[in-house]
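Take a look at the structure set out below.
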Amino acid sequence: MQNYPKQILTIEQQVQSLKNAGMSIPSDEEAAKYLQKVGYYRLRGYTYTFYDNASKQYRAGTDFTKIVKLYEFDTKLSSLLFSYLSVIEVSLRVRLTESLLIFGDSLILADPTPFKNKQIYWKNHASICSEIGRSHDVFIKHNFINHDGKIPLWAAVEVLSFGTLSRIIKNLNTGSGSAYAKLSGYYKFKSKKGNLVTPSNSTLTSWIKSLVILRNTCAHNARIYNKPFNITPEIINADKVVPQPSHSGLYELVLAMKYLRPDDSSWENFSADLKQLINEYASYIKLSAMNFPHDWDSHLNITA
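In the numbering used here, the protein residues as written are 105 to 408.
Written out as structure tokens, the structure reads:
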């Protein structure tokens, strides 16, 4: 067995390691309790911006209490985001179902007709079959037993992953009278000229794919604050930041949440809670660490 090059540290040694690197720790005992609860390496993710790699020291003034506050902010932020992402996801399932039912066929997911690329359709269909087969939901079992295993659209959509829903939507035929035309009509936005327009398929799916990644990040309790995301949702002109950031951050993904909101009222409640949370931790966080511009709150307004 190969040895890992770094030494295994006890909780007390972890506290001492932080102190040796220049971090101010008001109480060793309280710091040890917190590390036992959260974990040294999870908390380390919030220290990187204060650490100088050349000197292997934390910058002067780096305090353990501030790191804890950043972690607390991120935990609350993740919970808030995940809650509203669930609202968006449920609404998207309903809207996709309503859009595909224009064909009048409850088993439309078994028909490649509404989809552009037939090869991709069959790949997606394999995922659909697999996810239905793994489901233990009562309404799925009911159809297995009572309807010869035929699963109607409205039941199937309820058990599909967010990622599979995204791939189904991306492959929908577009144009007048299509399921996509109906679906995109739920997500109209104001153009540069002030007209209400529907998003293109690439635009809509860029929003959805972004939220799939954000949702999974929240679901796995991964860090969100100061995290670059490897996907860029298409941003409406009124919300673009100049100069454009080098990578996507939370700001871009929150905008995608706004664009996919199921209704104005729920969005206003969410954005008010987000503003309150950011204000509560304003002395500990940096808006730039999440790509938020100075006028970020105005971009959360529905009229923006």
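By construction, the Cβ of each residue, glycine as well, lies at the ideal position given by its N, Cα and C atoms.
Please report the Cβ distance between residue i and residue j, rounded to the nearest whole angstrom; I am assuming they are in contact, meaning their Cβ atoms lie under 8 Å.
i	j	result
Tyr-284	Pro-303	Actually they are not in contact, since the Cβ atoms of Tyr-284 and Pro-303 sit about 10 Å apart, beyond 8 Å.
Glu-356	Asn-395	6 Å
Ser-231	Thr-278	At roughly 22 Å, the Cβ-Cβ gap does not stay under 8 Å, so Ser-231 and Thr-278 are not in contact.
Thr-309	Ser-270	6 Å
Gly-149	Arg-365	That belief does not hold up - the Cβ atoms of Gly-149 and Arg-365 are roughly 30 Å apart, past 8 Å.
Asp-368	Ile-340	That pair is no contact at about 16 Å.
Phe-182	Asn-325	This sequence places Ser at residue 182; Phe is not what is there. Indeed they touch by this definition, with Cβ atoms about 7 Å apart.
Asn-275	Ile-224	5 Å
Leu-184	Asp-377	6 Å
Leu-147	Ile-171	6 Å
Ile-272	Asn-228	6 Å
Phe-248	Ala-259	Their Cβ separation, rounded to whole angstroms, is 11 Å, which puts Phe-248 and Ala-259 out of contact at 8 Å.
Lys-286	Ser-203	4 Å
Between the Cα of residue i and the Cα atoms of the options, which residue gives the shortest distance?
i	options	result
Lys-313	Leu-189, Lys-160, Tyr-144	Leu-189
Val-346	His-398, Arg-163, Val-263	His-398
Gln-118	Ile-171, Leu-139, Glu-134	Leu-139
Val-316	Lys-296, Leu-264, Ile-382	Leu-264
Trp-400	Lys-379, Glu-384, Tyr-385	Lys-379
Tyr-162	Val-301, Gln-106, Thr-151, Ser-280	Thr-151
Tyr-329	Leu-391, Leu-276, Gly-298	Leu-391
Phe-207	Gln-111, Gly-281, Ala-342, Leu-122	Gly-281
Phe-168	Val-261, Met-127, Gln-106	Met-127
Leu-381	Asp-209, His-240, Glu-176	Glu-176
Lys-90	Ala-342, Ala-259, Ala-323, Val-261	Outside the shown range of the chain, which is 105 to 408, sits residue 90, and nothing can be said about it.
Ile-112	Asp-215, Leu-354, Tyr-145, Asp-241	Tyr-145
Ala-386	Asn-157, Leu-174, Ile-335	Leu-174
Gly-289	Leu-213, Tyr-363, His-403	Tyr-363
Trp-371	Asn-320, Leu-404, Phe-293, Glu-384	Leu-404
Thr-153	Pro-109, Pro-218, Lys-331, Phe-219	Lys-331
Thr-201	Glu-262, Phe-293, Val-191, Lys-180	Glu-262
Phe-266	Asn-320, Phe-293, Ala-164	Asn-320
Ala-164	Thr-179, Glu-134, Asn-124	Asn-124
Glu-116	Ala-135, Leu-300, Asn-107, Gln-348	Ala-135
Asn-334	Ala-323, Ser-375, Leu-354	Leu-354
Ala-393	Ser-352, Ser-131, His-246, Thr-179	Ser-352
Ala-360	Lys-344, Ala-323, Thr-336, Trp-311	Trp-311
Glu-384	Trp-226, Thr-336, Asp-178, Asn-299	Asp-178
Ile-236	Pro-218, Leu-213, Thr-217	Leu-213
What residues match up with residue i in a beta bridge as DSSP calls it?
i	result
Tyr-155	Tyr-162
Lys-294	Leu-300
Asp-167	Ser-128
Ser-352	Phe-333
Leu-276	Phe-219
Looking at the C-beta of residue i, does it have a partner C-beta in chain D at a distance below 9 Å?
i	result
Ile-317	No chain D appears in the structure shown, which is made up of a single protein chain.
(request) For the region 197-205 and the region 245-255, state whether three or more C-beta atom pairs, one from each stretch, are separated by less than 8 Å. (result) Too few Cβ pairs lie closer than 8 Å, so no.
(message) Suppose only complete runs of 3+ residues qualify. What are the beta strand (DSSP E) ranges in the region 337-401, listed by chain order?
(response) Contiguous beta strand (DSSP E) elements confined to the region 337-401 do not occur, taking only those with 3 or more residues.
(request) Mind listing, in chain order, the continuous alpha helix (DSSP H) runs of no fewer than 4 residues lying wholly within the region 238-263? (result) The region 238-263 contains these whole alpha helix (DSSP H) runs: 242-250, 257-263.
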